[in-house]
Amino acid sequence: MIRYVLFSQNSLIMKKFYITTAIDYANGKPHIGHAYEKVLADVISRIHRLLGEDVHFLTGLDEHGQKVQQTAEKNGMTPQELCNATAVDFRSMCRELSVLYDDYVRTTQPRHKDVVSNILEKLFAQGEIYKAEYSGYYSTVTEQFLQEKDKVDGVWPKETFGDVVEMSESNYFFRLAKHKDWLIDHINSHPDFIFPQFRAKQVLEFLADDINDLCISRPKNRLSWGISLPFDDQYVTYVWFDALINYISVVGYDTKDFEKYWPVDYHTIGKDILVPAHAVYWPIMLHALDLPMPKTLLVHGWWTCSGTKMSKSLGNVINPMEYAKIYGSDPVRYFLIREMKVGQDSDFSHDLFASRYDNDLGNDLGNLVSRILNMVSRYCDGVCPEYIQDQGHDGGMIALWEATRDRFIDQCCGLQFHLALDDLFIFIRATNKYIETMAPWKLAKSSASADKNALLATLAIAAECVRIAALALYPIIPNMSAQIFYLFGISPKTLRWEAELQFGNSLAGNRFAEGAILFPRRDP
Ligand code: MSP
Numbered sequence: 007m008i009r010y011v012l013f014s015q016n017s018l019i020m021k022k023f024y025i026t027t028a029i030d031y032a033n034g035k036p037h038i039g040h041a042y043e044k045v046l047a048d049v050i051s052r053i054h055r056l057l058g059e060d061v062h063f064l065t066g067l068d069e070h071g072q073k074v075q076q077t078a079e080k081n082g083m084t085p086q087e088l089c090n091a092t093a094v095d096f097r098s099m100c101r102e103l104s105v106l107y108d109d110y111v112r113t114t115q116p117r118h119k120d121v122v123s124n125i126l127e128k129l130f131a132q133g134e135i136y137k138a139e140y141s142g143y144y145s146t147v148t149e150q151f152l153q154e155k156d157k158v159d160g161v162w163p164k165e166t167f168g169d170v171v172e173m174s175e176s177n178y179f180f181r182l183a184k185h186k187d188w189l190i191d192h193i194n195s196h197p198d199f200i201f202p203q204f205r206a207k208q209v210l211e212f213l214a215d216d217i218n219d220l221c222i223s224r225p226k227n228r229l230s231w232g233i234s235l236p237f238d239d240q241y242v243t244y245v246w247f248d249a250l251i252n253y254i255s256v257v258g259y260d261t262k263d264f265e266k267y268w269p270v271d272y273h274t275i276g277k278d279i280l281v282p283a284h285a286v287y288w289p290i291m292l293h294a295l296d297l298p299m300p301k302t303l304l305v306h307g308w309w310t311c312s313g314t315k316m317s318k319s320l321g322n323v324i325n326p327m328e329y330a331k332i333y334g335s336d337p338v339r340y341f342l343i344r345e346m347k348v349g350q351d352s353d354f355s356h357d358l359f360a361s362r363y364d365n366d367l368g369n370d371l372g373n374l375v376s377r378i379l380n381m382v383s384r385y386c387d388g389v390c391p392e393y394i395q396d397q398g399h400d401g402g403m404i405a406l407w408e409a410t411r412d413r414f415i416d417q418c419c420g421l422q423f424h425l426a427l428d429d430l431f432i433f434i435r436a437t438n439k440y441i442e443t444m445a446p447w448k449l450a451k452s453s454a455s456a457d458k459n460a461l462l463a464t465l466a467i468a469a470e471c472v473r474i475a476a477l478a479l480y481p482i483i484p485n486m487s488a489q490i491f492y493l494f495g496i497s498p499k500t501l502r503w504e505a506e507l508q509f510g511n512s513l514a515g516n517r518f519a520e521g522a523i524l525f526p527r528r529d530p
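The sequence shown runs contiguously to residue 530 in this note's numbering.
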């Protein structure tokens, strides 16, 4: 794996890695869908940091548009007051789930609005935006003019589009249609552009028919909460056109810093906002601006709850922070990442959560850590012994780790976290089994020096297995991993996978804590 790029002056420069999430609508409360996406992006950024890359992780809040204006009116607030309150909720969600972003964009910030205005002006001057009279059907829910192809069984579904009204209006349009063939070519010639690949088919199907130009303005007499068009102050900008620009506005678009992170490595988004927003509007906007394309649209599936779609009316919306308050953020992160195969839908149920908590975290990992701490305390006065490699005794654990390591890293880099965690927990369970087989408690009763050596080797090897597993798990359960490092007397430092996911002897001589319960028993 090449992790560094060598430049002409022979200076070693870190590989950059830029990842974004969708920016959440400011008119609702955080739920498991928002939480999953932010945790997923956080896990990926932590992995790339551990690989020594220069990571930039951007998330934020989508603050303009009709829904925000309407919700604010309903609550007797100004839209800005609503956004300020919602920003607190969404940022707390990140904090409570240990999501460590580098930047949080809010689309009402001047640093974003200025760039949107500049881009509108540029595209208007280029002739990519034009004014026209448009008559058609308008969805009050999705805030867009509808097309025939949005119909299902001859009608626009009410649950998706709400009330559909006939409307005739002068508006500004962005030329999408003329770039359609270029986009089809781009998708066909860049298999990594959409992950998982099967989602590209959906985009190509959408592009198989004619596409309309995009209406990017809303008259202020209908909607005032938005960014004014720089060339016509009777209009505000359509919320999607504004929101998509967040991905470039706050990383220095039009400045010399821009190339530091752009093009983005991953736009992490849910499957509902791939077509047309991210796979059609956004690449065409970038193309019209003559900018490089995103490397990958990382499209995740949706969470359902005990088999049904989550909805406010069913009252089954899961708030992950409720779980995080009881169990801590790491079990929630572990559950989300372990249970969802990236790209597919997945189901949240309390029983599934409880089973992952009890079995993987409590029995397999938590017990292993407390057993090792107890034994090092009892048999070695709390100091981790040294492992002398040529004495044997490792019971195949070193070979098992060597067989697991590269596959684990590859699976993580390939976003196959469910497989990576499966493998890692096989290794953790094997470590428990190894302790059972070596039975240090029996060896401790013997006075033979061979048994004494075997005892010390067993504890050193088992502790090293846990150090490695904790480091591998760090992106997913960073707090528990840090806790394990602390209990094992490892001083805080910059963690690196390539150098430290190797079987070694770095724990020898460390003073271990006497015991700890990482995942307390659940109160049923
Ligand atoms: N504001 C737009 C995104 C603009 S990006 C330039 C938006 N916001 S949202 O709040 O409705 O959704 C934010 C993200 O959460 C989206 O990627 C969406 O797919 C994701 N999820 C919302 N509900 C979800 C589930 N039930 N499960 C998984 N993710 C889902 O769309």
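Positions of the beta carbon are idealized from the N, C-alpha and C atoms, including for glycine.
Can you tell me which of P282, V171 and F201 puts its alpha carbon nearest to the alpha carbon of D216?
D216 has its Cα closest to that of P282, out of P282, V171 and F201.
Can you tell me whether E43 sits near the ligand MSP, meaning its C-beta is under 7 Å from at least one heavy atom of the ligand?
yes
Mind listing, in chain order, the continuous beta strand (DSSP E) runs of no fewer than 3 residues lying wholly within the region 311-360?
352-354
Only counting the same chain, and skipping five residues up and downstream in sequence, which positions put a Cβ closer than 6 Å to that of L462?
P391
For V323, collect the residues of the same chain with a Cβ closer than 6 Å to its Cβ; drop the 5 residues on either side in sequence, then sort them by chain order.
H37 and M316
Any heavy atom of the ligand MSP closer than 7 Å to the beta-carbon of L250?
yes
Taking only runs of the beta strand (DSSP E) that begin and end inside the region 395-464, which ones reach a length of at least 3 residues, in chain order?
Taking only runs of at least 3 residues, no beta strand (DSSP E) segment lies wholly in the region 395-464.
Report the CB separation of P300 from V270 in whole angstroms; it is logged as a contact under 8 Å.
5 Å
Quick one: Cα of K119 to Cα of I233, how far?
Whole-angstrom Cα-Cα distance: 7 Å.
Looking at I50 and the ligand MSP, is the gap between the Cβ and the nearest heavy atom below 7 Å?
no
Would you say the beta carbon of M327 is closer than 7 Å to some non-hydrogen atom of the ligand MSP?
No, the Cβ of M327 stays beyond 7 Å of every heavy atom of the ligand MSP.
Within a Cβ cutoff of 6 Å, which residues of the same chain sit near T302, ignoring the five residues on either side of it in sequence?
D198, F201 and Y272
Answer yes or no: the CB of M316 versus the heavy atoms of the ligand MSP, is any distance below 7 Å?
The answer is yes for M316.
Would you say the beta carbon of W447 comes nearer than 7 Å to a heavy atom of the ligand MSP?
no
Is it the case that the Cβ atoms of M99 and M327 are separated by a distance below 8 Å?
yes
I'd like to check one pair, I222 with I135: are the Cβ atoms closer than 8 Å?
yes
For the ligand MSP, I want to know if Y31 counts as a neighbour, meaning its beta carbon is within less than 7 Å of at least one of the ligand's heavy atoms.
Result yes, Cβ under 7 Å from the ligand MSP.
Whose C-beta lies closer than 6 Å to the C-beta of F130 among residues of the same chain, with five residues either side of it excluded?
F237
By DSSP's criteria, M173 is part of a beta bridge. Which residues make up the other side?
G142
Identify which residue in H70, G420, D429 and I332 has its Cα closest to the Cα of E408.
D429
Pairs of beta-carbons, one from the region 475-485 and one from the region 438-454, closer than 8 Å: are there three or more?
no
Express the C-alpha separation of S145 and Q153 in angstroms, rounding to a whole number.
Our two residues, Q153 and S145, have alpha carbons roughly 10 Å apart in a direct line.
With DSSP as the reference, label R517 as helix, strand or coil.
strand
Can you give the beta carbon distance from V61 to N33, rounded, assuming they're within the 8 Å contact cut?
The Cβ separation is near 30 Å, so there is no contact.
Where F359 and V121 are concerned, what is the direct C-alpha to C-alpha distance, given to the nearest angstrom?
43 Å
Are the region 330-345 and the region 42-53 touching by the rule of at least three beta carbon pairs closer than 8 Å?
yes
Among residues of its own chain, excluding the 5 on either side of A514, which ones have a beta-carbon nearer than 8 Å to its beta-carbon?
C390, P391, E392, Y393 and A466
Buried or exposed: where does P85 fall if 16 or more other Cβ atoms within 10 Å of its Cβ makes it buried?
buried
Counting only the same chain and skipping the five closest in sequence on each side, list residues whose C-beta sits under 8 Å from that of L280.
I200, R205, Q208, V209, L303 and V305
For N16, which of helix, strand or coil comes out of DSSP?
Only weak support exists for where N16 lies, its pLDDT of 40 falling under 50; the coordinates are left without a value.
According to DSSP, is K262 part of a helix, a strand, or is it coil?
coil
Note down the Cα distance separating Y107 from F491, rounded to an integer number of angstroms.
Whole-angstrom Cα-Cα distance: 23 Å.
For the alpha helix (DSSP H) holding R377, just list the boundary residues, first then last.
Following the DSSP letters along the chain, one finds R377 inside the alpha helix (DSSP H) bounded by residues N373 to C386.
For M381, which residues of its own chain have a beta-carbon under 7 Å away from its beta-carbon, when the five flanking residues on both sides are left out?
P446 and L465
Under 8 Å between the Cβ atoms of N438 and D370?
In this structure, N438 sits near D370, with a CB-CB distance shorter than 8 Å.
If you reduce the DSSP assignment to three classes, tell me which class Q76 lands in.
helix
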